[in-house]
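**Q** For reference, the structure I am asking about is given below.
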Amino acid sequence: MYKRHKVQIGFCFVGVTIVAFVLDLDFREIAETALTVASIAIGMYIAAVSVLLGSQYAKDLSQKTDPKIKSKTRLGVLAEYFRWAGRWCIFIILISCVYQIPSHLTFPTTFLKWSSAMSYGIFSVNILFFWLILIFLVNSLGKSV
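Just add 430 to wherever you are in the sequence shown, counting from 1, and you've got my numbering.
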């Protein structure tokens with residue numbers, strides 16, 4: 431992944447987590463929505479990879495060295511973005527499912543507040559990955575036509 435995107439992801443996660451903590455936001459309220467968004471994102475990633483498989487555009491990307499990461503091809507960098515996006519999506523799906531399980535267990539308030547805030551941070555990273563891959567695909571569409 432590009433360094434600037436790693437920095438953006440870090441700022442996004444930390445910033446949203448802090449804001450959610452300060453505002454005392456409860457992730458349980460958006461867990462179902464987060465699950466839906468993450469599921470749609472996974473579907474988009476699978477569709478995009480399916481379209482790329484065997485295409486001339488993928489062959490072109492596999493033969494060009496990435497200008498920012500010299501040790502990888504452009505297709506290799508794109509594959510890394512898809513891998514990370516998929517991991518973050520699976521993570522937020524798991525978290526959202528846990529938040530939807532009815533439970534009578536009691537946890538310390540601070541723990542619940544931090545876990546909820548971090549869940550918002552993870553959800554925001556998913557949105558950022560969705561945007562990064564969507565922008566790449568839209569820009570690639572213009573180059574492949």
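C-beta: ideal position from N, C-alpha, C; glycine also.
From a predicted model like this one, the values you see are computed outputs, not experimental measurements.
From the DSSP output, in three-state form, read off T503 for me.
**A** DSSP places T503 in strand when its eight states are reduced to three.
**Q** Could you tell me which whole alpha helix (DSSP H) segments of length 4 or greater appear in the segment 447 to 511?
**A** The segment 447 to 511 contains these whole alpha helix (DSSP H) runs: 461 to 482, 486 to 492.
**Q** Is L505 near the ligand COA, judged by its Cβ being under 7 Å from some heavy atom?
**A** For the structure depicted, the ligand COA is absent and the ligand set is empty, with no information on it obtainable.
**Q** Quick one: any contact between the segment 512 to 525 and the segment 465 to 473, if contact means 3 or more CB pairs under 8 Å?
**A** Yes: at least three Cβ pairs fall under 8 Å.
**Q** Just checking my contact of F512 with V481 at CB under 8 Å: how many whole Å lie between their CB atoms?
**A** Actually they are not in contact, since the Cβ atoms of F512 and V481 sit about 12 Å apart, beyond 8 Å.
**Q** For M431, name the three-state secondary structure that DSSP assigns.
**A** Coil at M431, not helix or strand.
**Q** With DSSP run on the structure shown, which of helix, strand or coil describes I523?
**A** Helix.
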